[in-house]
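Numbering (this note's numbering), first residue to last: 91 to 446.
Every residue, glycine too, gets a C-beta built ideally from N, C-alpha and C.
Accompanying notes for the structure given below.
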Amino acid sequence: MISPPPPPTDGPLTLEELQLAARNKGMPLEALRYDVTPVGMHYLLVHFDIPALEAATWRLRVGGNVARGLELSLDDLRSLPRVTMPVTLECAGNGRARLHPRPISQPWLVEAVGTAEWTGTPLAGVLAAAGIAPGTVEMLFVGADHGIEKGHEHDYARSLTLDEAMRPDVLLAYEMNGRPLEPQHGFPLRLLVPGWYGMTHVKWLTRIDALNEPFDGYQQKTAYWYKRSPDDPGQPVTRIKPRALLIPPGFPDFLTRTRTLDADRTELRGRAWSGGAPIARVEVGIDGVWTEAKLGAALGTYAWCSWSLDWDATPGEHVLSCRAFDEAGSSQPLEQPWNVQGMGNNLVQSVRVIVR
Ligand SMILES: Nc1nc2c(c(=O)[nH]1)N[C@H]1C(S)=C(S)[C@@H](COP(=O)(O)O)O[C@H]1N2
Ligand SMILES: [Mo]
Numbered sequence: 091m092i093s094p095p096p097p098p099t100d101g102p103l104t105l106e107e108l109q110l111a112a113r114n115k116g117m118p119l120e121a122l123r124y125d126v127t128p129v130g131m132h133y134l135l136v137h138f139d140i141p142a143l144e145a146a147t148w149r150l151r152v153g154g155n156v157a158r159g160l161e162l163s164l165d166d167l168r169s170l171p172r173v174t175m176p177v178t179l180e181c182a183g184n185g186r187a188r189l190h191p192r193p194i195s196q197p198w199l200v201e202a203v204g205t206a207e208w209t210g211t212p213l214a215g216v217l218a219a220a221g222i223a224p225g226t227v228e229m230l231f232v233g234a235d236h237g238i239e240k241g242h243e244h245d246y247a248r249s250l251t252l253d254e255a256m257r258p259d260v261l262l263a264y265e266m267n268g269r270p271l272e273p274q275h276g277f278p279l280r281l282l283v284p285g286w287y288g289m290t291h292v293k294w295l296t297r298i299d300a301l302n303e304p305f306d307g308y309q310q311k312t313a314y315w316y317k318r319s320p321d322d323p324g325q326p327v328t329r330i331k332p333r334a335l336l337i338p339p340g341f342p343d344f345l346t347r348t349r350t351l352d353a354d355r356t357e358l359r360g361r362a363w364s365g366g367a368p369i370a371r372v373e374v375g376i377d378g379v380w381t382e383a384k385l386g387a388a389l390g391t392y393a394w395c396s397w398s399l400d401w402d403a404t405p406g407e408h409v410l411s412c413r414a415f416d417e418a419g420s421s422q423p424l425e426q427p428w429n430v431q432g433m434g435n436n437l438v439q440s441v442r443v444i445v446r
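Below, the structure is given as structure tokens:
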């Protein structure tokens, strides 16, 4: 059962996009001031409905191509080695709403990001306990949520290669910022794959299966591909591309969000991250002239770092931008790239300010 996706449009936002935008939410940019994003300000993306799960009856089943199937309660998982790490999560669709024509889906601008302290147990330990059998190529992660996307009915599910799944920093996470996961962020358990775009971090985990063939479910084979045209085989979406964001200075106009500030020395501040490699530098563009910013230490291997730059704000209208460069040599485009699903659009952010 396949229905074609709605064609991209240059028209006004549709009611369907508005409906998604009102259910899901971005992080307010002023929350870039926090090292660790308060849970209620972290971005949120839920494809279907938030499932009703109870800690007392919920179980994680580990099966497929394993020596011993496991059935684990939340207490079982909590009794395993405990690891806490800060991780920056970003939705692969961040930036989609600026594309021309606009792919119809969750219409993010730039706010689909957040950094939390995640606590859980390394997945590798649970997989070792189950005994991954020879011939396993991928691990499949299945959520409790269910729905239809572009005509395909499915449980939300994604896979990882066995090598990626065995990375020591991949977690089965049951806490966010020191508290049990909120229902919307995956209670009672979610996958955490530091460095990867959000779709990989499967929430409401109920099943993990060892597969001896690559998974071909909707969220793996159809969604989350960089394609230049509908018949381009494309490339899978994997790790987070570099991005820097600026805390909009001054105060906003309610409707347009244009900023007003007084002529003075102003400290411009923001955050930068990349899932591919550490951030090497951040540049700030003031009316198109780029200056290197002062870079703070990263909060963690897979968490953002702060940056700042003093700016002598002179009266008039200005456009402020920022861009991140990582140690692998990746950066952010100044011209809008385009792909069919609107994935990984890390065009530089621009903030309009009026200095008085
Ligand atoms: N089970 C399940 N897991 C999921 C999703 C989902 O809809 N269902 N959405 C994914 C996507 S696309 C993103 S960007 C992240 C968002 O995580 P957050 O809402 O905790 O920020 O969860 C991912 N995990
Ligand atoms: Mo996402």
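About 6 Å separates the CB atoms of leucine 437 and glycine 185; that is less than 8 Å, so the two are in contact. Ligand 1 has no heavy atom closer than 8 Å to the beta-carbon of aspartate 125. Beta-bridge annotation (DSSP): methionine 175 is paired with Trp208.
Sequence-distant partners of phenylalanine 415 (beyond 5 residues in either direction) whose C-beta falls short of 6 Å from its own C-beta, in its chain, are Ala370, Arg371 and Ser421. Unbroken alpha helix (DSSP H) stretches of 4 residues or longer found wholly inside the region 184 to 249: 213 to 220, given in chain order. Listed as beta-bridge partners of serine 169 by DSSP are no residues whatsoever. Here the alpha carbon of histidine 244 sits roughly 28 Å from the alpha carbon of alanine 219. Counting C-beta pairs closer than 8 Å gives three or more between the region 153 to 163 and the region 290 to 305, which meets the contact rule. Per DSSP, reduced to three states, the secondary structure at histidine 408 is strand. Below 8 Å, enough C-beta pairs join the region 246 to 264 and the region 282 to 293 to call them touching: three or more. According to the DSSP secondary-structure assignment, methionine 266 is paired through a beta bridge with Trp208 and Arg269. In the DSSP assignment, aspartate 299 falls within the unbroken beta strand (DSSP E) covering 295 to 301. By the CB criterion at 9 Å, threonine 205 and aspartate 322 fall outside the cutoff. Residue state for glutamine 439 is assigned as strand, using DSSP reduced to three classes. At a cut-off of 8 Å, the beta-carbon of leucine 282 does not count as near ligand 2: no heavy atom of the ligand is closer than that. When only Cα atoms are considered, isoleucine 238 and aspartate 377 end up about 45 Å apart.
Summarising the contact set, residues whose Cβ lies nearer than 6 Å to any heavy atom of ligand 2 are, in chain order, Leu135, Cys181, Ala182, Gly183, Gly288 and Met289.
In the three-state DSSP reduction, threonine 381 falls in the strand class (E or B). Ranked by Cα distance from lysine 384, the first of Leu358, Val292 and Trp428 is Leu358. A distance below 9 Å separates the beta carbons of valine 327 and glycine 434. Between ligand 1 and glutamine 310, a heavy atom-to-CB distance of less than 8 Å is absent.
Its chain contains Leu335, Ile337, Gly360 and Arg361 as the residues whose beta carbon lies nearer than 7 Å to that of leucine 122, once the 5 sequence neighbours on both sides are disregarded; these appear in chain order. If you draw a straight line from the Cα of glutamate 161 to the Cα of tyrosine 308, it is about 26 Å long. By the criterion of a C-beta distance shorter than 6 Å, leucine 399 is surrounded in its chain by Leu358, Val374 and Ala383, once the five residues flanking it on both sides are discounted. The shortest CA-to-CA distance from aspartate 354 to any of Gln310, Met175, Pro339 and Phe231 is the one to Pro339. The C-beta distance from glutamate 201 to leucine 119 rounds to 6 Å, short enough to meet the 8 Å contact threshold. By the neighbour-count definition (other C-beta atoms within 10 Å, threshold 16), leucine 250 is a buried residue.
Residues of the same chain with a CB within less than 6 Å of the CB of glycine 159, apart from the 5 flanking positions on each side, are Gly153 in chain order.
Contact annotation: alanine 387 and proline 176 have beta-carbon atoms that are not nearer than 9 Å.
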